[in-house]
Amino acid sequence: MDDGDFAFQPGNPPLTYPRYSPVFHRLRLPAAASATRLRRPIHSMRKPQPDLIAFSLLLLSCALIAWTGTAGPVFAESFWTGLEDWQTSIAAVIALLAAYLAARPVYRQLAEQRRQSAAAAVSMIVKAAVSLEEERDIIRKAVDDLRIDRLLWEYDELSWHDIYSSWPEDAFGLMTVCDTALRSVRLYAERNPDASATQRCRVEAIAALEQLRAGLTDLVTIMRQQTSGLSYEEGEEDIPVKEHQTRRQEVNVKDERWRIAAHGLDIALSMEIANVWRRIRQLESIAIGAFE
(Lines of atoms letter the chains of each structure in order from A and count residues from 1; the text may use other names and numbers.)
(Lines give C-alpha, C1' and ligand atoms only; values in the text may rest on other atoms or scores of the structure.)
Protein backbone atom coordinates (compact mmCIF):
# COMPACT_ATOMS: atom_id res chain seq x y z
CA MET A 1 0.00 0.00 0.00
CA ASP A 2 1.49 3.33 -0.99
CA ASP A 3 1.19 6.68 0.70
CA GLY A 4 -1.84 7.63 -1.34
CA ASP A 5 -3.81 4.50 -0.29
CA PHE A 6 -2.94 5.08 3.35
CA ALA A 7 -4.08 8.69 3.15
CA PHE A 8 -7.61 7.69 2.22
CA GLN A 9 -8.11 4.79 4.66
CA PRO A 10 -11.08 5.35 7.00
CA GLY A 11 -10.03 6.18 10.51
CA ASN A 12 -6.52 7.20 9.59
CA PRO A 13 -5.49 10.77 10.44
CA PRO A 14 -5.09 13.08 7.49
CA LEU A 15 -1.58 13.37 6.19
CA THR A 16 0.13 16.59 5.27
CA TYR A 17 2.48 16.44 2.27
CA PRO A 18 5.01 19.05 1.29
CA ARG A 19 4.40 20.89 -1.95
CA TYR A 20 7.40 19.23 -3.63
CA SER A 21 5.96 15.77 -2.84
CA PRO A 22 4.67 13.73 -5.85
CA VAL A 23 1.66 12.75 -3.76
CA PHE A 24 0.73 16.40 -3.25
CA HIS A 25 0.78 17.07 -6.96
CA ARG A 26 -1.20 13.91 -7.72
CA LEU A 27 -3.88 14.90 -5.26
CA ARG A 28 -4.03 18.59 -6.35
CA LEU A 29 -3.88 18.09 -10.11
CA PRO A 30 -7.59 17.31 -10.72
CA ALA A 31 -8.72 20.38 -8.81
CA ALA A 32 -6.20 22.58 -10.59
CA ALA A 33 -7.28 21.26 -13.97
CA SER A 34 -10.95 21.78 -13.07
CA ALA A 35 -10.24 25.34 -11.99
CA THR A 36 -8.41 25.94 -15.26
CA ARG A 37 -11.40 24.72 -17.18
CA LEU A 38 -13.71 26.95 -15.14
CA ARG A 39 -11.48 29.96 -15.68
CA ARG A 40 -11.52 29.56 -19.46
CA PRO A 41 -12.50 32.91 -20.99
CA ILE A 42 -16.12 33.08 -22.06
CA HIS A 43 -15.29 35.27 -25.04
CA SER A 44 -13.44 32.32 -26.62
CA MET A 45 -16.85 30.84 -27.50
CA ARG A 46 -18.32 34.03 -28.97
CA LYS A 47 -19.31 34.33 -32.57
CA PRO A 48 -16.77 35.89 -34.91
CA GLN A 49 -17.08 39.62 -35.34
CA PRO A 50 -18.72 40.97 -38.53
CA ASP A 51 -15.47 42.74 -39.43
CA LEU A 52 -13.59 39.40 -39.29
CA ILE A 53 -16.26 37.72 -41.42
CA ALA A 54 -16.10 40.51 -43.98
CA PHE A 55 -12.31 40.34 -44.10
CA SER A 56 -12.42 36.57 -44.53
CA LEU A 57 -14.93 36.78 -47.39
CA LEU A 58 -12.93 39.53 -49.05
CA LEU A 59 -9.75 37.47 -48.73
CA LEU A 60 -11.54 34.44 -50.17
CA SER A 61 -12.80 36.44 -53.15
CA CYS A 62 -9.33 37.79 -53.82
CA ALA A 63 -7.92 34.27 -53.66
CA LEU A 64 -10.51 32.99 -56.14
CA ILE A 65 -9.83 35.83 -58.55
CA ALA A 66 -6.06 35.35 -58.28
CA TRP A 67 -6.35 31.58 -58.77
CA THR A 68 -8.60 31.98 -61.80
CA GLY A 69 -6.20 34.45 -63.40
CA THR A 70 -3.05 32.36 -62.84
CA ALA A 71 -3.89 28.65 -62.58
CA GLY A 72 -7.15 28.57 -64.48
CA PRO A 73 -10.55 27.36 -63.28
CA VAL A 74 -10.63 25.94 -59.76
CA PHE A 75 -13.32 23.38 -60.59
CA ALA A 76 -11.87 22.23 -63.92
CA GLU A 77 -11.81 18.46 -64.56
CA SER A 78 -13.82 17.70 -61.47
CA PHE A 79 -17.37 17.00 -60.48
CA TRP A 80 -18.01 20.75 -60.49
CA THR A 81 -16.77 21.36 -64.01
CA GLY A 82 -20.01 23.15 -64.89
CA LEU A 83 -19.20 25.90 -62.41
CA GLU A 84 -15.92 26.91 -64.01
CA ASP A 85 -17.64 29.59 -66.08
CA TRP A 86 -19.07 31.14 -62.93
CA GLN A 87 -15.98 31.40 -60.80
CA THR A 88 -15.41 35.11 -61.48
CA SER A 89 -19.05 35.89 -60.80
CA ILE A 90 -18.98 33.93 -57.56
CA ALA A 91 -15.86 35.77 -56.48
CA ALA A 92 -17.54 39.10 -57.29
CA VAL A 93 -20.63 38.15 -55.27
CA ILE A 94 -18.46 37.14 -52.32
CA ALA A 95 -16.59 40.45 -52.60
CA LEU A 96 -19.87 42.38 -52.61
CA LEU A 97 -21.09 40.45 -49.58
CA ALA A 98 -17.84 41.17 -47.80
CA ALA A 99 -18.11 44.85 -48.67
CA TYR A 100 -21.68 44.92 -47.36
CA LEU A 101 -20.72 43.29 -44.07
CA ALA A 102 -17.77 45.64 -43.71
CA ALA A 103 -19.94 48.69 -44.43
CA ARG A 104 -22.66 47.85 -41.92
CA PRO A 105 -20.74 49.18 -38.89
CA VAL A 106 -19.91 52.32 -40.85
CA TYR A 107 -23.59 52.88 -41.66
CA ARG A 108 -24.52 52.38 -38.01
CA GLN A 109 -21.85 54.86 -36.96
CA LEU A 110 -23.05 57.41 -39.52
CA ALA A 111 -26.63 56.97 -38.31
CA GLU A 112 -25.53 57.53 -34.73
CA GLN A 113 -23.60 60.64 -35.73
CA ARG A 114 -26.66 61.88 -37.58
CA ARG A 115 -28.80 61.41 -34.48
CA GLN A 116 -26.28 63.22 -32.32
CA SER A 117 -26.02 66.10 -34.79
CA ALA A 118 -29.82 66.38 -34.93
CA ALA A 119 -30.05 66.45 -31.14
CA ALA A 120 -27.43 69.20 -30.96
CA ALA A 121 -29.15 71.22 -33.69
CA VAL A 122 -32.53 71.04 -31.95
CA SER A 123 -31.41 73.15 -28.99
CA MET A 124 -29.96 75.82 -31.28
CA ILE A 125 -33.00 76.00 -33.55
CA VAL A 126 -35.35 76.12 -30.56
CA LYS A 127 -33.57 79.30 -29.47
CA ALA A 128 -34.20 80.78 -32.92
CA ALA A 129 -37.90 79.88 -32.69
CA VAL A 130 -38.20 81.43 -29.24
CA SER A 131 -36.47 84.59 -30.48
CA LEU A 132 -38.93 84.90 -33.36
CA GLU A 133 -41.84 84.43 -30.99
CA GLU A 134 -40.48 87.15 -28.71
CA GLU A 135 -40.17 89.50 -31.69
CA ARG A 136 -43.75 88.80 -32.69
CA ASP A 137 -44.91 89.55 -29.15
CA ILE A 138 -43.07 92.88 -29.29
CA ILE A 139 -44.83 93.82 -32.52
CA ARG A 140 -48.23 92.83 -31.19
CA LYS A 141 -47.68 94.79 -27.98
CA ALA A 142 -46.59 97.86 -29.96
CA VAL A 143 -49.75 97.64 -32.07
CA ASP A 144 -51.91 97.47 -28.94
CA ASP A 145 -50.07 100.33 -27.21
CA LEU A 146 -49.96 102.62 -30.26
CA ARG A 147 -53.66 103.34 -30.46
CA ILE A 148 -53.78 107.03 -31.25
CA ASP A 149 -57.49 107.37 -32.12
CA ARG A 150 -58.38 109.01 -28.80
CA LEU A 151 -55.31 111.23 -28.91
CA LEU A 152 -56.24 112.48 -32.38
CA TRP A 153 -59.85 113.00 -31.33
CA GLU A 154 -58.73 115.21 -28.44
CA TYR A 155 -56.46 117.12 -30.83
CA ASP A 156 -59.35 117.74 -33.23
CA GLU A 157 -62.30 118.26 -30.86
CA LEU A 158 -61.09 119.71 -27.57
CA SER A 159 -59.83 123.21 -26.82
CA TRP A 160 -56.05 123.32 -26.99
CA HIS A 161 -55.95 125.81 -24.14
CA ASP A 162 -57.56 123.14 -21.93
CA ILE A 163 -55.27 120.29 -22.92
CA TYR A 164 -52.01 122.02 -23.90
CA SER A 165 -50.26 120.69 -20.77
CA SER A 166 -51.62 117.10 -20.73
CA TRP A 167 -51.93 116.33 -24.43
CA PRO A 168 -48.21 116.69 -25.24
CA GLU A 169 -47.42 114.37 -22.30
CA ASP A 170 -49.75 111.72 -23.73
CA ALA A 171 -48.14 112.14 -27.13
CA PHE A 172 -44.67 111.81 -25.62
CA GLY A 173 -45.80 108.56 -23.98
CA LEU A 174 -46.78 107.16 -27.38
CA MET A 175 -43.49 108.34 -28.84
CA THR A 176 -41.71 106.39 -26.09
CA VAL A 177 -43.61 103.29 -27.20
CA CYS A 178 -42.41 103.96 -30.74
CA ASP A 179 -38.81 104.30 -29.54
CA THR A 180 -38.98 101.02 -27.60
CA ALA A 181 -40.44 99.13 -30.55
CA LEU A 182 -37.92 100.70 -32.93
CA ARG A 183 -34.97 99.59 -30.81
CA SER A 184 -36.24 96.03 -30.69
CA VAL A 185 -37.09 95.72 -34.38
CA ARG A 186 -33.79 97.30 -35.41
CA LEU A 187 -31.94 94.82 -33.21
CA TYR A 188 -33.70 91.88 -34.84
CA ALA A 189 -33.02 93.37 -38.26
CA GLU A 190 -29.30 93.63 -37.45
CA ARG A 191 -29.25 90.00 -36.31
CA ASN A 192 -30.85 88.86 -39.56
CA PRO A 193 -29.07 90.81 -42.30
CA ASP A 194 -29.86 88.36 -45.10
CA ALA A 195 -32.57 89.36 -47.54
CA SER A 196 -35.84 87.57 -46.83
CA ALA A 197 -39.57 88.24 -46.73
CA THR A 198 -39.42 88.69 -42.96
CA GLN A 199 -36.49 91.09 -43.21
CA ARG A 200 -38.32 93.20 -45.80
CA CYS A 201 -41.30 93.37 -43.44
CA ARG A 202 -38.98 94.49 -40.64
CA VAL A 203 -37.56 97.28 -42.79
CA GLU A 204 -41.07 98.45 -43.69
CA ALA A 205 -42.19 98.35 -40.06
CA ILE A 206 -39.16 100.40 -39.00
CA ALA A 207 -39.85 103.03 -41.66
CA ALA A 208 -43.54 103.20 -40.73
CA LEU A 209 -42.74 103.61 -37.01
CA GLU A 210 -40.24 106.35 -37.71
CA GLN A 211 -42.81 108.25 -39.78
CA LEU A 212 -45.52 107.82 -37.16
CA ARG A 213 -43.23 109.12 -34.45
CA ALA A 214 -42.29 112.11 -36.62
CA GLY A 215 -45.98 112.82 -37.24
CA LEU A 216 -46.76 112.84 -33.51
CA THR A 217 -43.78 115.15 -32.95
CA ASP A 218 -45.20 117.54 -35.53
CA LEU A 219 -48.59 117.67 -33.78
CA VAL A 220 -46.95 118.36 -30.41
CA THR A 221 -44.91 121.16 -31.99
CA ILE A 222 -48.00 122.69 -33.61
CA MET A 223 -49.98 122.63 -30.36
CA ARG A 224 -47.16 124.12 -28.31
CA GLN A 225 -46.54 126.69 -31.02
CA GLN A 226 -50.16 127.85 -30.70
CA THR A 227 -50.34 127.71 -26.90
CA SER A 228 -47.37 127.67 -24.51
CA GLY A 229 -44.75 128.46 -27.12
CA LEU A 230 -41.62 126.66 -28.29
CA SER A 231 -38.14 126.61 -26.79
CA TYR A 232 -36.33 128.46 -29.53
CA GLU A 233 -33.16 128.61 -27.49
CA GLU A 234 -33.07 124.79 -27.65
CA GLY A 235 -33.32 124.79 -31.41
CA GLU A 236 -37.07 124.25 -31.84
CA GLU A 237 -38.56 125.81 -34.96
CA ASP A 238 -42.05 126.83 -35.96
CA ILE A 239 -44.06 124.85 -38.47
CA PRO A 240 -45.67 127.13 -41.03
CA VAL A 241 -49.37 127.66 -40.30
CA LYS A 242 -50.34 126.65 -43.82
CA GLU A 243 -48.85 123.20 -43.17
CA HIS A 244 -50.71 122.55 -39.91
CA GLN A 245 -53.71 120.87 -41.49
CA THR A 246 -51.53 118.90 -43.89
CA ARG A 247 -49.37 117.61 -41.05
CA ARG A 248 -52.49 116.56 -39.17
CA GLN A 249 -53.86 114.56 -42.13
CA GLU A 250 -50.49 112.93 -42.71
CA VAL A 251 -50.64 111.40 -39.23
CA ASN A 252 -53.68 109.36 -40.26
CA VAL A 253 -51.82 108.05 -43.30
CA LYS A 254 -48.74 107.25 -41.26
CA ASP A 255 -50.79 105.45 -38.62
CA GLU A 256 -52.45 103.33 -41.31
CA ARG A 257 -49.09 102.52 -42.86
CA TRP A 258 -47.76 101.39 -39.48
CA ARG A 259 -50.69 99.09 -38.86
CA ILE A 260 -50.38 97.51 -42.31
CA ALA A 261 -46.63 97.06 -41.87
CA ALA A 262 -47.07 95.57 -38.39
CA HIS A 263 -49.69 93.16 -39.67
CA GLY A 264 -47.42 92.06 -42.51
CA LEU A 265 -44.52 91.54 -40.14
CA ASP A 266 -46.76 89.56 -37.81
CA ILE A 267 -47.77 87.24 -40.65
CA ALA A 268 -44.19 86.82 -41.86
CA LEU A 269 -42.96 86.00 -38.37
CA SER A 270 -45.78 83.52 -37.82
CA MET A 271 -44.94 81.71 -41.05
CA GLU A 272 -41.25 81.59 -40.18
CA ILE A 273 -42.04 80.35 -36.68
CA ALA A 274 -44.19 77.55 -38.11
CA ASN A 275 -41.39 76.54 -40.50
CA VAL A 276 -38.80 76.52 -37.73
CA TRP A 277 -40.94 74.39 -35.42
CA ARG A 278 -41.65 72.00 -38.28
CA ARG A 279 -37.91 71.61 -38.76
CA ILE A 280 -37.45 71.11 -35.03
CA ARG A 281 -39.97 68.27 -35.03
CA GLN A 282 -38.14 66.63 -37.95
CA LEU A 283 -34.82 66.87 -36.14
CA GLU A 284 -36.37 65.46 -32.99
CA SER A 285 -37.64 62.48 -34.99
CA ILE A 286 -34.14 61.91 -36.35
CA ALA A 287 -32.60 62.30 -32.89
CA ILE A 288 -34.80 59.56 -31.42
CA GLY A 289 -34.19 57.30 -34.40
CA ALA A 290 -37.70 57.41 -35.89
CA PHE A 291 -36.29 57.59 -39.42
CA GLU A 292 -33.88 54.71 -38.96
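For the sequence shown, the working numbering begins at 122 and goes up steadily by one.
Virtual Cβ for every residue (Gly too), placed ideally from N, Cα, C.
If you're wondering where the values come from, they're calculated on a predicted model, not measured in any experiment.
Spatial distance of residue i from residue j (CA atoms)
{"i": "Leu-231", "j": "Arg-402", "result": "21 Å"}
{"i": "Lys-292", "j": "Arg-345", "result": "The sequence given here has Ala at residue 292, not Lys. Going from the Cα of Ala-292 to the Cα of Arg-345 covers about 12 Å."}
{"i": "Asn-313", "j": "Gln-320", "result": "7 Å"}
{"i": "Tyr-276", "j": "Glu-255", "result": "34 Å"}
{"i": "Leu-396", "j": "Leu-386", "result": "The residue asked about is misnamed: residue 396 is Asn in this sequence, not Leu. Computed Cα separation, rounded: 15 Å."}
{"i": "Leu-217", "j": "Val-243", "result": "38 Å"}
{"i": "Ala-328", "j": "Val-374", "result": "13 Å"}
{"i": "Pro-171", "j": "Ser-406", "result": "Only weak support is given to the placement of Pro-171: the predicted model assigns it a pLDDT of 49, under 50, and the question is left unresolved by the model."}
{"i": "Arg-268", "j": "Ala-318", "result": "26 Å"}
{"i": "Arg-225", "j": "Arg-400", "result": "28 Å"}
{"i": "Arg-261", "j": "Pro-361", "result": "36 Å"}
{"i": "Gln-253", "j": "Gln-234", "result": "Residue 253 is actually Leu in this sequence, not Gln. Those two C-alpha atoms are separated by around 29 Å."}
{"i": "Ile-343", "j": "Met-245", "result": "50 Å"}
{"i": "Asp-315", "j": "Glu-325", "result": "15 Å"}
{"i": "Asp-300", "j": "Leu-330", "result": "8 Å"}
{"i": "Gln-366", "j": "Ile-259", "result": "32 Å"}
{"i": "Ile-388", "j": "Arg-369", "result": "30 Å"}
{"i": "Ala-263", "j": "Glu-377", "result": "14 Å"}
{"i": "Val-341", "j": "Glu-364", "result": "14 Å"}
{"i": "Val-247", "j": "Trp-398", "result": "8 Å"}
{"i": "Pro-289", "j": "Gln-347", "result": "13 Å"}
{"i": "Leu-272", "j": "Asp-359", "result": "22 Å"}
{"i": "Arg-229", "j": "Ala-220", "result": "15 Å"}
{"i": "Ala-302", "j": "Ser-238", "result": "36 Å"}
Within 9 Å, strictly: CB atoms of residue i and residue j
{"i": "Trp-379", "j": "Gln-332", "result": "yes"}
{"i": "Leu-295", "j": "Leu-337", "result": "yes"}
{"i": "Ala-310", "j": "Arg-323", "result": "yes"}
{"i": "Ala-408", "j": "Arg-236", "result": "yes"}
{"i": "Leu-404", "j": "Ala-249", "result": "no"}
{"i": "Leu-390", "j": "Arg-257", "result": "yes"}
{"i": "Ser-287", "j": "Ser-349", "result": "no"}
{"i": "Val-227", "j": "Asp-266", "result": "no"}
Classification of residue i by the beta-carbon crowding that lies within 10 angstroms, buried from 16 upward
{"i": "Ile-381", "result": "exposed"}
{"i": "Val-306", "result": "buried"}
{"i": "Leu-308", "result": "exposed"}
{"i": "Asp-270", "result": "exposed"}
{"i": "Glu-393", "result": "buried"}
{"i": "Asp-339", "result": "buried"}
{"i": "Val-372", "result": "buried"}
{"i": "Val-251", "result": "exposed"}
Interface flag, residue i vs chain D, CB-CB below 9 Å
{"i": "Gly-336", "result": "The question asks about chain D, but that chain is absent: this structure has only one protein chain."}
_I'd like to know if the region 276 to 287 and the region 353 to 365 are in contact, where contact means that at least 3 CB-CB pairs between them fall below 8 Å._
no
*At what residue ranges does the region 285 to 335 contain a whole run of the alpha helix (DSSP H), taking only runs of 4 or more?*
288 to 312
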